[in-house]
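Visitor: To convert, count from 1 in the sequence shown and add 125; that's the numbering used here.
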Amino acid sequence: MFSDHSTTPPVVLVVEDQALLRLVAVDMIEEAGFTALEAADAMSALNMLRMRQDIAFVFSDVDMPGAMNGIDLIRYIRALNSSIKIIVTSGTFHADKLELPSEGIFLPKPYLLDDVSAALQRFTH
Numbered sequence: 126m127f128s129d130h131s132t133t134p135p136v137v138l139v140v141e142d143q144a145l146l147r148l149v150a151v152d153m154i155e156e157a158g159f160t161a162l163e164a165a166d167a168m169s170a171l172n173m174l175r176m177r178q179d180i181a182f183v184f185s186d187v188d189m190p191g192a193m194n195g196i197d198l199i200r201y202i203r204a205l206n207s208s209i210k211i212i213v214t215s216g217t218f219h220a221d222k223l224e225l226p227s228e229g230i231f232l233p234k235p236y237l238l239d240d241v242s243a244a245l246q247r248f249t250h
């Protein structure tokens, strides 16, 4: 659980095209003490990143509809703002098949609250 009481909780943008999985991820992130925002695809995520300067993490699925998948999205985010922490998740791809940015974390689906919380905490300590 995020425990720095001197500041507001870090903001995590959840990018997941499947509504139920997005809801579960948001609940887990909020349960871990973070503030969660939602985007259903990469373009929505980019729009949110342009509008909000307080996003500290992006928690993104790899396989998404549209012209940009999760890996393309995180590459773009890295070029836009290298301080945003990246957590990538997938039920079909494996970490050794993905080109994650340095310090990026991969979580295979299905993930548990403890997995999500531990990944977020790695970046906050």
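Here a beta-carbon is modelled for each residue, glycine too, at the ideal position from N, C-alpha and C.
Does the beta-carbon of residue 176 have 16 or more other beta-carbons within 10 angstroms, so that it is buried, or is it exposed?
Guide: Here residue 176 corresponds to residue number 51 of the sequence shown, with the count starting at 1. Residue 176 is exposed by the Cβ-count criterion.
Visitor: Where residue 152 and residue 133 are concerned, what is the direct C-alpha to C-alpha distance, given to the nearest angstrom?
Guide: To locate residue 152, count along the sequence shown from 1; it is residue 27. To locate residue 133, count along the sequence shown from 1; it is residue 8. Distance between the alpha carbons of residue 152 and residue 133: 18 Å.
Visitor: Figure out for me which residue from 191, 185 and 190 has the closest Cα to the Cα of residue 200.
Guide: Looking up residue 200 in the sequence shown gives position 75. Of 191, 185 and 190, the residue nearest in Cα terms is 185.
Visitor: Among 169, 146 and 160, which has the Cα closest to the Cα of residue 179?
Guide: Translated into positions along the sequence shown, residue 179 becomes position 54. It is 160 whose Cα lies nearest to the Cα of residue 179.
Visitor: Does the beta-carbon of residue 227 have 16 or more other beta-carbons within 10 angstroms, so that it is buried, or is it exposed?
Guide: In the sequence shown, counting from the first residue as 1, residue 227 sits at position 102. Residue 227 comes out exposed.
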